[in-house]
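In what follows, a structure is listed as structure tokens, so that the remarks can point back to it.
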Amino acid sequence: MYELIVTSTSGEVLRKFDLARLAKTGRAIRVGRADDCDIRIKNNAVSRHHCEILPPAVGDEEEDWLIRDTGSTGGVVVGGRKIDELEIESGLEVVVGPAILRFQSQSAKIAAELAKELGSEE
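Under my numbering, the first residue of the sequence shown is numbered 21, with each subsequent residue one higher.
Pasting the structure below:
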């Protein structure tokens with residue numbers, strides 16, 4: 021499972037989301053500036069329905085999470101290139117208007133916290 025960290029382009033953390041919790045509905049997680057989006061980014065550079073995050077089918081641990089552009093004006097950008105759809109991996113950073121969506125696996129988060137804790141004990 022993934023945690024989604026939304027930051028500004030300067031690196032300021034704006035919000036954090038537990039995607040497992042949002043995905044319990046079994047439908048795509050909508051990202052955009054519209055009121056009906058699950059993850060709202062209130063900026064005119066973001067389309068009302070900019071992109072969506074597609075969870076694996078319920079009970080299918082083998083299937084991958086995906087991110088898909090839903091016809092946005094500004095595009096969904098990864099590594100300086102616009103993408104239509106991409107498999108989500110831990111560490112993936114996606115630019116949506118003035119925001120960066122960073123996906124971090126829960127296991128990577130736990131490992132980083134443990135390493136930090138062990139480092140402070142020395």
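Heads up, the beta-carbon is just placed ideally off N, CA and C, and yes, glycines get one too. These figures come from a predicted structure and were not determined experimentally.
In summary, Ala119 is buried, with 16 or more beta-carbon neighbours lying within 10 Å of its beta-carbon over all protein chains present.
Buried is the label assigned to Leu24, since at least 16 other Cβ atoms lie within 10 Å of its Cβ. Taking every protein chain shown into account, the CB of Ser28 has fewer than 16 other CB atoms within 10 angstroms, so this residue is exposed. By the neighbour-count criterion, in which 16 or more other beta carbons inside 10 Å mark a residue as buried, Gly52 falls on the buried side. Here Arg60 is bridged, per DSSP, to Gly52.
Per DSSP, Leu106 is one residue of the beta strand (DSSP E) stretching across Glu105 to Glu107. Assigned with DSSP and collapsed to three states, Ala40 falls in helix. For Thr27, the enclosing beta strand (DSSP E) starts and ends at Tyr22 to Ser28.
Distance from the CA of Gly117 to the CA of Ser92, rounded to the nearest whole angstrom, comes to 10 angstroms.
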